[in-house]
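>
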Amino acid sequence: MAKPKKESLTFEDAFQKLESIVEHLEKGESTLEEAMKAFEKGMDLINICMAKLNDAEKRMKKLLKREDGSYQEEFME
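In the numbering used here, the protein residues as written are 30 to 106.
Rendered as structure tokens:
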């Protein structure tokens with residue numbers, strides 16, 4: 030089974046695929062081998078989602094960094 034590439038999926042697409050895998054596994058209708066393959070794909074998708082979230086956090090911190098090197102802790106309304 031081909032691993033999804035981080036660059037080819039948006040966070041939302043990866044999360045939606047992950048939700049679909051979870052729903053499928055929760056039905057309990059898969060063979061052990063099918064369940065293991067789905068689990069592996071799910072873990073790949075989790076890693077993609079985590080990487081996307083980490084990237085977003087880094088971008089936010091960069092945008093919120095003050096000139097003195099400290100960070101603005103709250104968003105301004």
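Heads up, the beta-carbon is just placed ideally off N, CA and C, and yes, glycines get one too. Bear in mind that the values here come from a model prediction, so they are computed numbers and not experimental data.
Going by C-alpha distance, which of GLY57, ILE77, LEU82 is nearest LEU47?
The sequence position of residue 47 within the sequence shown is 18, counting from 1. Cα-wise, what sits closest to LEU47 is ILE77.
> On the DSSP bridge list, what partners appear for LYS94?
As a first step, residue 94 is located in the sequence shown; it is residue number 65 there, counting from the start. Its beta-bridge partners are TYR100.
> Helix, strand or coil for SER49 per DSSP?
Taking the first residue of the sequence shown as position 1, residue 49 is located at position 20. Correct three-state label for SER49: helix.
> Can you tell me which of the three DSSP states LEU82 falls into?
Within the sequence shown, the letter at position 53 stands for residue 82. In this structure, LEU82 counts as helix in the three-state DSSP scheme.
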